[in-house]
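So the sequences go chain by chain: A and B.
For what it's worth, my numbering labels the leading residue of the first sequence as 14, then goes sequentially.
For what it's worth, my numbering labels the leading residue of the second sequence as 14, then goes sequentially.
The C-beta atom is built at its ideal place from N, Cα and C for all residues, glycine as well.
Input: a single structure, listed below in structure tokens.
Protein chains: 2
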Amino acid sequence: MNPTLQTLTAHRSVRAYAAKEVSEETLQQVLRAASRASTTGNMQLYSIIVNRDAEMKRKIAPAHFNQPAVTSAPVVLTFCADFRRFNRWCRFREAEPGYDNLQSFMWAVVDAVAATQNACIAAESLGLGICYLGTVTYNAHELIKIYGLPEGVVPVTCITMGYPAEQPPLTDRLPMDGIVHREVYQDYDRERIDAVYAEREASAETLRLLKENDLPNLARIFTERRYKAEDNVAFSKLFMKVLEEQGFMNF
Amino acid sequence: MNPTLQTLTAHRSVRAYAAKEVSEETLQQVLRAASRASTTGNMQLYSIIVNRDAEMKRKIAPAHFNQPAVTSAPVVLTFCADFRRFNRWCRFREAEPGYDNLQSFMWAVVDAVAATQNACIAAESLGLGICYLGTVTYNAHELIKIYGLPEGVVPVTCITMGYPAEQPPLTDRLPMDGIVHREVYQDYDRERIDAVYAEREASAETLRLLKENDLPNLARIFTERRYKAEDNVAFSKLFMKVLEEQGFMNF
Numbered sequence: 014m015n016p017t018l019q020t021l022t023a024h025r026s027v028r029a030y031a032a033k034e035v036s037e038e039t040l041q042q043v044l045r046a047a048s049r050a051s052t053t054g055n056m057q058l059y060s061i062i063v064n065r066d067a068e069m070k071r072k073i074a075p076a077h078f079n080q081p082a083v084t085s086a087p088v089v090l091t092f093c094a095d096f097r098r099f100n101r102w103c104r105f106r107e108a109e110p111g112y113d114n115l116q117s118f119m120w121a122v123v124d125a126v127a128a129t130q131n132a133c134i135a136a137e138s139l140g141l142g143i144c145y146l147g148t149v150t151y152n153a154h155e156l157i158k159i160y161g162l163p164e165g166v167v168p169v170t171c172i173t174m175g176y177p178a179e180q181p182p183l184t185d186r187l188p189m190d191g192i193v194h195r196e197v198y199q200d201y202d203r204e205r206i207d208a209v210y211a212e213r214e215a216s217a218e219t220l221r222l223l224k225e226n227d228l229p230n231l232a233r234i235f236t237e238r239r240y241k242a243e244d245n246v247a248f249s250k251l252f253m254k255v256l257e258e259q260g261f262m263n264f
Numbered sequence: 014m015n016p017t018l019q020t021l022t023a024h025r026s027v028r029a030y031a032a033k034e035v036s037e038e039t040l041q042q043v044l045r046a047a048s049r050a051s052t053t054g055n056m057q058l059y060s061i062i063v064n065r066d067a068e069m070k071r072k073i074a075p076a077h078f079n080q081p082a083v084t085s086a087p088v089v090l091t092f093c094a095d096f097r098r099f100n101r102w103c104r105f106r107e108a109e110p111g112y113d114n115l116q117s118f119m120w121a122v123v124d125a126v127a128a129t130q131n132a133c134i135a136a137e138s139l140g141l142g143i144c145y146l147g148t149v150t151y152n153a154h155e156l157i158k159i160y161g162l163p164e165g166v167v168p169v170t171c172i173t174m175g176y177p178a179e180q181p182p183l184t185d186r187l188p189m190d191g192i193v194h195r196e197v198y199q200d201y202d203r204e205r206i207d208a209v210y211a212e213r214e215a216s217a218e219t220l221r222l223l224k225e226n227d228l229p230n231l232a233r234i235f236t237e238r239r240y241k242a243e244d245n246v247a248f249s250k251l252f253m254k255v256l257e258e259q260g261f262m263n264f
């Protein structure tokens, strides 16, 4: 296995960081790698907000439900879908941009996530640990206020970054033939679902979680504890309002 | 620079492929690296459709506006945001999923793109070339029919893959301080826009494009030729309908 494949397959989320600073040079290498990711029509439809300042990390922490990694990580990177820069450029050149719509938002999201993932892999190749914070889309409206994001800009991913103070075990993944489809989509009947989830459901980690949560199976831990319908609906409404207010729903 | 940083920073889109097959073993390495990407709550909210069959590539080509790479690449990978598998698992376990909404779609999109980018980097580390096809979200409705994608599944990225028959030059990128913001968002005034786009606007490639398109500046090539408002609006309407029909707009 070549060194890049080793880095890619050794990923684990690191949430506890050593008290070692990330040098500006290392950060630059990470950011530069991010900027080399594929991007729609070479428009680079994203911006990266770097937080190193302790006061700023305290300010954004509530938007991330005060996950400890936000304030303990030396670096927090927030990747935004960003059509602001491109639209401003167009207007200053007397070109009329038509990018205030869902399709344009999707390009910018794909650009932002591809850049994020490049940043993660670069960081890990340099001995850093990273963790994605899914909370970024839940409370995008709050981050927009704190960061002062203008129309055309929506935060879509956030990663914490620093030298690891822990080496968590690799998390499991579903069997490859549970996620790969040959030529066309092969739908999931009960037999296939049972096979795909068998190992995960029988794991010691699952058994521990069932006991801790007093629930009969792992699926119900997801639906009743981790990702509840009422929360998903509430955060979807908030996020749709964000897309409207940031100018991506005009079509 | 370590080998992984070298791979990340050497990316160029490759659209012309040598007549050399991609072995099943190499493909497996690429897919396995994809599966190790960060994923929301370890739900792996994506599926990967592998096309190697010439007949299938011919079938999907029109949905990609017949870009030659689709039929000439030995492998085409389509990454779908996929809540179908997870929802089926929940239902077979008497857990009631609440993932038919925008927030859930966003998790699945981030998962799918992170996996895609891992696949790209793995492929490039193995000597393959890749190219993203943005057309996948334009004509998602057609791909849904061809692949037989059920409710909960939406194609979000597509890459063609094969051994390169060309080595295109690195494309330019905006200066790093044009895309990186320290602590908060620094908005773009005319002076900053001029600085950020100066090098690109003065490049030989831009001058060539202006002549070819008979337009006074690069921005107008984007707004009047490449990504026109009327097309973006039409494809946004189609994609919103896809999100509704595939069950992500119930909130």
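Buried or exposed for residue i, going by 16 or more other Cβ atoms inside 10 Å?
i      : result
B:P81  : exposed
A:R106 : buried
B:A215 : exposed
A:M14  : exposed
A:F78  : exposed
B:R239 : exposed
B:Q42  : buried
A:K254 : exposed
A:P87  : buried
A:K33  : exposed
A:R203 : exposed
B:D66  : exposed
Under 7 Å from any heavy atom of the ligand COA, does the C-beta of residue i make it?
i      : result
B:A247 : With respect to the ligand COA, the structure offers nothing, as it holds no ligand at all.
Going along chain B in order, which residues have a C-beta closer than 8 Å to the C-beta of residue i?
i      : result
A:A76  : Those do not exist, as A:A76 stays about 14 Å from chain B at its closest Cβ, beyond 8 Å.
A:Q259 : Within 8 Å Cβ-Cβ: nothing; A:Q259 doesn't reach chain B, min ~12 Å.
A:E109 : T236, A242
Leaving out five residues before and five after residue i in sequence, what residues of the same chain have Cβ atoms less than 8 Å from its Cβ?
i      : result
B:I74  : Here the sequence assigns Ala to residue 74 of chain B, which means Ile is not the residue at that position. Excluding positions up to five away in sequence, the list reads Q80, V83, T84.
A:P16  : S138
A:R213 : D185, L187, T219, L231
B:A23  : E137, L183
A:N114 : F261, M262, N263, F264
Using C-beta distances below 7 Å, list every residue in its chain close to residue i, excluding the 5 sequence neighbours before and after it, in chain order.
i      : result
A:K72  : I159
A:L21  : I134
A:L222 : L231, I234
A:A178 : A29, Y30, A31
B:F252 : T150, A153
B:Q19  : none
At 8 Å on the CB atoms, spell out the chain A contacts of residue i, in chain order.
i      : result
B:A135 : T17, L18, L21
B:T171 : The residue asked about is misnamed: residue 171 of chain B is Cys in this sequence, not Thr. Going along chain A, no residue has its Cβ under 8 Å from B:C171, so there is no contact; the nearest lies around 11 Å.
B:F264 : N245, V246, S249, K250, M253
Along the alpha helix (DSSP H) that carries residue i, what are the first and last residues, could you check?
i      : result
B:Y240 : No alpha helix (DSSP H) contains B:Y240, which DSSP labels as neither H nor E.
A:T91  : Note, A:T91: premise wrong, no alpha helix (DSSP H); beta strand (DSSP E) at 88-95.
B:V83  : 81-85
B:P110 : Counting along the chain, B:P110 falls outside any alpha helix (DSSP H), and DSSP gives it neither H nor E.
A:Q19  : 16-22
Taking Cβ-Cβ distances shorter than 9 Å, what residues in chain A pair up with residue i?
i      : result
B:S117 : Y240, N245, S249
B:Q57  : R186, L187, G191, I192
B:R203 : R101, F105
B:N230 : R106, E107, A108
B:S26  : S51
B:G54  : G147, F235, R239, Y240
Keeping to the same chain, check which residues put their C-beta closer than 6 Å to that of residue i; ignore five residues upstream and five downstream.
i     : result
B:L12 : The displayed coordinates of chain B run from 14 to 264. Any statement about residue 12 of chain B would go beyond what the structure contains.
A:F99 : M56
A:S26 : C144
Can you pull the chain B neighbours of residue i, defined as C-beta to C-beta under 7 Å?
i     : result
A:S85 : Under the 7 Å cutoff, chain B gives no residues; its nearest Cβ is about 18 Å from A:S85.
Taking C-beta pairs closer than 7 Å, name the residues in chain A that residue i reaches, listed in chain order.
i      : result
B:S274 : Missing from the structure shown is residue 274 of chain B; chain B here goes from 14 to 264 and no further.
B:N131 : L21, Q130
Ignoring anything shorter than 4 residues, give me the alpha helix (DSSP H) runs that lie fully in the region 174-238 of chain A, in order along the chain.
203-215, 217-226, 231-234
In the region 42-68 of chain A, which residue ranges form an unbroken beta strand (DSSP E) of at least 3 residues, counting only runs that do not cross its ends?
Counting only runs of 3+ residues, the beta strand (DSSP E) found wholly inside the region 42-68 of chain A occupies 59-64, in chain order.
For the region 131-176 of chain B, list the beta strand (DSSP E) runs that are entirely contained and at least 3 residues long, ordered along the chain.
142-145, 166-175
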